[in-house]
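Asks: Once you've had a glance at the structure underneath, I'll fire off some questions.
Number of protein chains: 4
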Amino acid sequence: MAEATLSGAIHPILENDYASEWMGIKVLALSDGHATIRMTLRQEMLNGFGMAHGGMIFAFADTAFALACNPVNPAPGETDSITVAAGVDINFLKPAYRGQVITAVADRRSSAGRSGLYDIQIFAADADAQPDPQNPGELIAEFRGRSRTIPKK
Amino acid sequence: MAEATLSGAIHPILENDYASEWMGIKVLALSDGHATIRMTLRQEMLNGFGMAHGGMIFAFADTAFALACNPVNPAPGETDSITVAAGVDINFLKPAYRGQVITAVADRRSSAGRSGLYDIQIFAADADAQPDPQNPGELIAEFRGRSRTIPKK
Amino acid sequence: MAEATLSGAIHPILENDYASEWMGIKVLALSDGHATIRMTLRQEMLNGFGMAHGGMIFAFADTAFALACNPVNPAPGETDSITVAAGVDINFLKPAYRGQVITAVADRRSSAGRSGLYDIQIFAADADAQPDPQNPGELIAEFRGRSRTIPKK
Amino acid sequence: MAEATLSGAIHPILENDYASEWMGIKVLALSDGHATIRMTLRQEMLNGFGMAHGGMIFAFADTAFALACNPVNPAPGETDSITVAAGVDINFLKPAYRGQVITAVADRRSSAGRSGLYDIQIFAADADAQPDPQNPGELIAEFRGRSRTIPKK
């Protein structure tokens, strides 16, 4: 799949996902249990220390998590349920800075019944390094997400 | 302390904290090891399910965490270090919706050397319920933050 | 309730709980969503650094968690399900040593449907300090448990 | 390395590690940042539900974590420090039962300064299935450990 701007044509959960749209997320790869996304760190994503706000790193990784959890093409029996984050353990390993390009790679680790466990790794690279999925830069955070599948309202 | 719009006059770490400014966070209370903040959930904070994006709940709580971790008036020996998030475990208990007012209450649980542990509870209430710190609404998430104090660059 | 040696007369889940029996756990208090327990750190609970093995601190806290999660007197509709640990985030704050008396205090933080969140604090005191529930000693670890209620096999 | 009963000859941190000795842990593989260990679930490791006590699964994984964190042959500058668990996030995916053989595989994910992050996967297999490191059975738990290197007392 070519680099695609985030939209409902890419994945049904991206329809009306205003937060991901605001972040300017691009989808690099998408398959069952997997997603790779990318965005550039802008000024509004910084904290008072001049580093990327942990919450923005989290929000970015959380979008990769949601994409990996929910099927791109829901099967007939799956259209009335959604999979959401029940909880997350995140470890911040290194800071990231304005203008850097960050990449999140989400993968399912296990799944049983309505519960799943996903690992999302977040990498940062300088913009002029033109990062690609094969070499997304330095590992800056490890996000482990716990999912729950619930009935759609 | 009266309800105050987020600014560097309130706390030094809020100077140039563009992410918190973008969120429209207000500071309700602030003291050593403690902070209470509030914001209203806007459209750009929603995910594709029409609920508050987990990343936005996290980013909001993370600001309360940073305020509780760092002294309002640093002592002479504290001006050359900052306290940042090393990691977080968050549990999402209930969804929150557009227009709701959410409140985060951060408290230090323990601190030893350069490490600390903080609990941040996040509550949601309907806007017309005029939530106050004494009754901030329903508990929607529990955030446990691990802090590290590091030299300022 | 007086200090009681762990047994099935105290709580149905303690019947045949060989691990808790091996640890020599005593139950100090027990009510819906709450448990306080105590044990003495023995040689078999130490790691190669001469400190309590983290796994033993965890196992001890996990028993308090199980006691707080499961009703002492199950209601008619509750006898065919059990509540187990789905996951835990634990932070080790201080070491504990052989001969110290450790106390775990478990409390429910929230509960919705089949999921619950419990906090267990673990304290250590020297044996001759004769710790009591009102003053169980120094906080050595914070355990946050995520529970799931499942059908009994 | 051939299957070896846990002892100080295998790794210095195992000297006087009474907890691991009590568990009957065997070391299958050991190298910088990595360890694979195995044990059989005995009656004293069960909870009141007849399943392996979560605390015993944790204690077992915690030993693999300690082995992966600490060098087998400390360099001259490393002999006066030890690496311990600062915290852990564990997810219990499936129950394990008496008589099953469980295997823990520990690997370093990242390391910076005095902090490290390690993933330990725990697998279970029936005893007559004669599990080997290449096929250790079903994944029953995921343990993510946060380490801190501290001065030796």
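Residue numbers (my numbering), protein chains in the order written: chain D, 612 to 764; chain R, 612 to 764; chain X, 612 to 764; chain H, 612 to 764. Glycine included, every Cβ here is placed at the ideal spot set by N, Cα and C.
1) So is X/I733 in contact with chain H if we call contact Cβ pairs under 8 Å?
2) Among the candidates R/I713, R/F660, R/R649 and R/I733, whose CA atom is the shortest distance from the CA of D/P762?
3) Can you tell me whether H/N746 is buried or exposed, with buried defined as 16 or more other CB within 10 angstroms of its CB?
4) Taking C-beta pairs closer than 9 Å, name the residues in chain B that X/R757 reaches, listed in chain order.
5) Hey, does D/R649 have any beta-carbon neighbour from chain H nearer than 8 Å?
6) For the putative contact between H/L728 and D/E753, defined by C-beta atoms under 8 Å, what is the C-beta separation to the nearest angstrom?
7) Who are the Cβ neighbours of X/M650 in its own chain at under 8 Å, not counting the five residues just before and after it?
8) Taking the Cβ atom as the reference point for each residue, do R/R759 and R/A697 lie within a distance shorter than 8 Å?
9) Under 8 Å between the Cβ atoms of X/P682 and X/D643?
10) Given that a residue counts as buried once 16 or more other Cβ atoms are within 10 Å of its Cβ, and exposed if not, what is R/Q732?
11) Going by C-alpha to C-alpha distance, which of X/V699, X/C680, X/D700 and X/F669 sits closest to X/S692?
12) Tell me the DSSP secondary structure of X/F676 in three-state form.
13) Short of 6 Å in beta carbon distance, which residues of its chain neighbour H/F676, apart from the five on each side in sequence? Order them along the chain.
14) Pick helix, strand or coil for R/Y629, following the three-state DSSP scheme.
15) DSSP beta-bridge partners for H/Y729?
16) Under a CB-based cut-off of 8 Å, is X/G659 close to chain H?
17) Taking 8 Å as the CB-CB limit, is H/S631 close to chain D?
18) Per the DSSP calculation, R/I648 is bridged to which residue(s)?
19) Which residues of chain R have a Cβ atom closer than 7 Å to the Cβ of D/E655, listed in chain order?
20) Within its chain, find whatever has a CB closer than 6 Å to the CB of R/G748; leave out the 5 residues flanking it on each side and keep chain order.
21) Out of H/R720, H/I701, H/F669 and H/L625, which one is the CA nearest neighbour of H/L652?
22) Please decide whether D/G710 counts as near chain R, where near means a Cβ-Cβ distance under 8 Å.
23) So is R/N684 buried or exposed if we call it buried at 16+ other beta carbons inside 10 Å?
24) Could you name the residues of the same chain whose beta carbon sits closer than 8 Å to that of X/P623, not counting the 5 residues immediately before and after it, in chain order?
25) Should D/D739 go down as buried or exposed, given a rule of 16 or more other Cβ atoms within 10 Å for buried?
26) Please report the distance separating the alpha-carbon of D/K764 from that of R/D700.
27) Could you tell me the distance, in whole angstroms, from the CA atom of R/A715 to the CA atom of R/I751?
28) According to DSSP, is H/E660 part of a helix, a strand, or is it coil?
29) Under a CB-based cut-off of 8 Å, is X/A675 close to chain H?
30) Taking D/E632 as the reference, which of R/M667, R/E655 and R/L625 has the closest Cα?
31) Cutting at 7 Å between CB atoms, please list the residues of its own chain near R/N702, excluding the five before and the five after it.
32) If X/A630 sits next to H/M667, beta carbons under 8 Å apart, how far is it from one beta carbon to the other, in whole angstroms?
33) Check whether the Cβ atoms of H/R709 and H/L641 sit closer than 8 Å, and answer yes or no.
34) Run down chain H in chain order and give the residues with a C-beta less than 7 Å from the C-beta of D/R719.
35) Anything in chain D within Cβ reach of R/G665, meaning under 7 Å, just list it in chain order.
36) For a test of the three-state rule: what should DSSP assign to D/P685, helix, strand or coil?
Replies: Judging by the given coordinates:
1) Chain H, which has no Cβ nearer than 8 Å to the Cβ of X/I733, makes this no.
2) Closest in alpha carbon position to D/P762, among R/I713, R/F660, R/R649 and R/I733, is R/F660.
3) H/N746 is classed as exposed because its beta carbon has fewer than 16 other beta carbons within 10 Å across all chains shown.
4) Note that chain B does not occur in the displayed structure, where the protein chains are D, R, X and H.
5) So, not an interface residue.
6) That pair is a contact at about 6 Å.
7) Excluding positions up to five away in sequence, the list reads M634, G635, I636, K637, F671, V712 and I713.
8) In contact: R/R759 and R/A697 (Cβ atoms closer than 8 Å).
9) Yes, Cβ-Cβ distance for X/P682 and X/D643 is below 8 Å.
10) The residue is buried, with at least 16 neighbouring Cβ atoms inside 10 Å.
11) Closest in C-alpha terms to X/S692, from the list X/V699, X/C680, X/D700 and X/F669, comes X/C680.
12) Note: X/F676 maps to helix in three-state DSSP.
13) Excluding residues within five positions, the ones whose Cβ falls inside 6 Å are A717, Y729, I731 and G756.
14) Looking at R/Y629 - three-state DSSP - the assignment turns out to be helix.
15) According to DSSP, H/Y729 bridges with H/R719 and H/G756.
16) Taking Cβ atoms only, chain H reaches closer than 8 Å to X/G659, which makes this a yes.
17) Taking Cβ atoms only, chain D never reaches closer than 8 Å to H/S631, which makes this a no.
18) Paired residues: R/V638 and R/A715.
19) Neighbours of D/E655 in chain R, taken as residues whose beta carbon is under 7 Å from its own, are Y629, A630 and W633 in chain order.
20) Excluding positions up to five away in sequence, the list reads F734, A735, A736 and P742.
21) The option with the nearest alpha carbon to H/L652 is H/F669.
22) Not a single CB atom of chain R sits nearer than 8 Å to the CB of D/G710.
23) Result: exposed.
24) Apart from the 5 residues on each side of it in sequence, X/P623 sits with its Cβ closer than 8 Å to the Cβ of N681, V683 and P685 in its chain, given in chain order.
25) Exposed is the call here.
26) Going from the Cα of D/K764 to the Cα of R/D700 covers about 27 Å.
27) Rounded to whole angstroms, R/A715 and R/I751 show a C-alpha spacing of 10 Å.
28) One point to set straight first is that residue 660 of chain H is Phe, not Glu, in the sequence displayed. DSSP, reduced to helix, strand and coil, places H/F660 outside both helices and strands of the structure shown, so it counts as coil.
29) Taking Cβ atoms only, chain H never reaches closer than 8 Å to X/A675, which makes this a no.
30) Ranked by Cα distance from D/E632, the options R/M667, R/E655 and R/L625 are led by R/E655.
31) Here R/N702 has A752 and E753 as same chain residues with Cβ atoms under 7 Å from its own Cβ, once five neighbours each way along the sequence are excluded.
32) Rounded, the Cβ-Cβ distance is 6 Å, consistent with contact.
33) Contact check for H/R709 against H/L641 fails: the beta carbons are separated by 8 Å or more.
34) Close to D/R719, with beta-carbon spacing below 7 Å, lies no residue of chain H; the smallest spacing is near 12 Å.
35) Within 7 Å Cβ-Cβ: D673 and A696.
36) The three-state reading of DSSP puts D/P685 in coil, since its state is none of H, G, I, E or B.
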